[in-house]
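As structure tokens, the structure follows; a few thoughts come after it.
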Amino acid sequence: GNEPSGLRAVLGWLREGATPATDVVVWIASVEAALGPPFFAHRALPGHRDLNRCFGAAAGAAIDAGDGDAPNRSPEHALAAEALARLRAARPELLVDLHNNTGHNPAYAVGPAADAAHRAVAALFGRYFVRSDLALGALVEATDPHFPSVTIECGRAGSAEADAAARAGLDRLLADAAIPPCPTGALELLVDPVRVEVRPDVTLAIGDGPVAGAGFTMSADVDRHNFQRLEAGVPIGWVGASGAWPLLARGAAGEDRARDWFELRDGRVATRRPLVPIMMTTNPSIARSDCLFYIVRPA
718 GNEPSGLRAV
728 LGWLREGATP
738 ATDVVVWIAS
748 VEAALGPPFF
758 AHRALPGHRD
768 LNRCFGAAAG
778 AAIDAGDGDA
788 PNRSPEHALA
798 AEALARLRAA
808 RPELLVDLHN
818 NTGHNPAYAV
828 GPAADAAHRA
838 VAALFGRYFV
848 RSDLALGALV
858 EATDPHFPSV
868 TIECGRAGSA
878 EADAAARAGL
888 DRLLADAAIP
898 PCPTGALELL
908 VDPVRVEVRP
918 DVTLAIGDGP
928 VAGAGFTMSA
938 DVDRHNFQRL
948 EAGVPIGWVG
958 ASGAWPLLAR
968 GAAGEDRARD
978 WFELRDGRVA
988 TRRPLVPIMM
998 TTNPSIARSD
1008 CLFYIVRPA
């Protein structure tokens, strides 16, 4: 898709002719989306689903039932089911899913669990680990019950720093037959993510001030706050002229608690209480199709 750091890391490693310490299975996903002009510009092609939202319960249940074609509501669901079947048949010791995002973020790990095995993998790539109980249909949600699975968000797509983080972590991952334990204090654990979205009926804009006609204008430099603790009263954008409430904020339970986290102050949307945002994006397409950002808390 539009997240090339993992692909570049794998290709660079292969071109050097290195020998991994263990057998390795590599899956390059969303190739058609990546090839859509201009290259690496589409998370999914128009009219298609985001593949990393198609690994839900239906895909896993189809594999357990021996029916890889059951979740055939879209080609992406069918591909997800086939990929799960092949990965589970390979019986790997672990799975690492390399990604990028569109905001200014350091490299960090996300996983359904934060035990020693997950932390050891995460420490190869960065200093943050987000333990997530959200059900988004991501690959690691479907594979983690069978083998430790971790998503690595390598950083901003297209940046040299993100490519370097992906390659350095991959080199460390493939260099040893046994992954060394995570050193004490090497990771900062963040938990209980809350997904913040724009309400479906609200128009979204990105700008340095309120954009005429937009129901919510996200501040153009808001992603500088990623992984920072924000105190109460920090503005993140502007509400539209109607004053209609613009946000949704849902945790694992699915209940909208946006008004617990944010408030309106003189036409601006501001934090109601301290929070730590991650994956803040200023890409309006991603913000609309996926989400604005996540809120996490230190463990």
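Using the working numbering, you'd call the opening residue of the sequence shown number 718 and step up by one each time.
Where is the CB? At the ideal position from N, CA and C, for every residue including glycine.
All values reported here derive from a predicted model rather than from experimental measurement.
C-alpha distance - residue i paired with residue j, whole-angstrom precision
i    : j     : result
A826 : H835  : 9 Å
D925 : I953  : 11 Å
G718 : T998  : 17 Å
L947 : E980  : 14 Å
V956 : I1012 : 20 Å
D832 : A958  : 48 Å
G820 : G930  : 25 Å
V919 : N769  : 25 Å
W978 : C1008 : 16 Å
G785 : G854  : Since pLDDT at G785 reaches only 49, below the 50 mark, its modelled position is unreliable, and the value read off the structure follows with that caveat. Distance between the alpha carbons of G785 and G854: 16 Å.
D880 : L815  : 10 Å
A961 : A949  : 21 Å
D973 : A852  : 15 Å
P792 : R982  : 45 Å
V993 : S866  : 24 Å
G932 : L921  : 6 Å
Extent of the continuous beta strand (DSSP E) to which residue i belongs
i    : result
H816 : 812-818
P910 : 905-915
P963 : No beta strand (DSSP E) contains P963, which DSSP labels as neither H nor E.
V919 : Counting along the chain, V919 falls outside any beta strand (DSSP E), and DSSP gives it neither H nor E.
V993 : 993-995
G954 : 952-956
Endpoints, alpha helix (DSSP H) assigned at residue i
i     : result
E799  : 792-807
A975  : 975-978
A987  : Here A987 belongs to no alpha helix (DSSP H); instead the beta strand (DSSP E) covers 985-988.
P1001 : 1001-1006
S747  : It is not in any alpha helix (DSSP H) - S747 carries neither H nor E in the DSSP assignment.
V742  : Segment: none, V742 is in no alpha helix (DSSP H) and carries neither H nor E.
Assumed close pair residue i, residue j - CB separation to whole angstroms, cut-off 8 Å
i    : j    : result
P897 : A837 : 7 Å
E870 : N822 : 6 Å
CB contact check: residue i to chain B, cutoff 8 Å
i    : result
H759 : Protein chains in the displayed structure number just one, and chain B is not present.
Item to complete: Kindly confirm or deny that the stretch 967-976 and the stretch 726-733 touch, where touching means at least three C-beta pairs closer than 8 Å.
Response: no
Discussion item. To test your reading of the DSSP string, which unbroken alpha helix (DSSP H) runs of 4 or more residues are found completely within the stretch 821-898?
Written reply: 833-840, 856-860, 877-892
Discussion item. With three or more beta-carbon pairs closer than 8 Å as the criterion, would you say the stretch 907-914 touches the stretch 927-941?
Written reply: no
Discussion item. Would you call the stretch 791-810 in contact with the stretch 845-853, where contact means no fewer than 3 C-beta pairs closer than 8 Å?
Written reply: no
Worksheet item: Do the stretch 740-751 and the stretch 760-768 touch if we need at least three Cβ pairs shorter than 8 Å?
Response: yes
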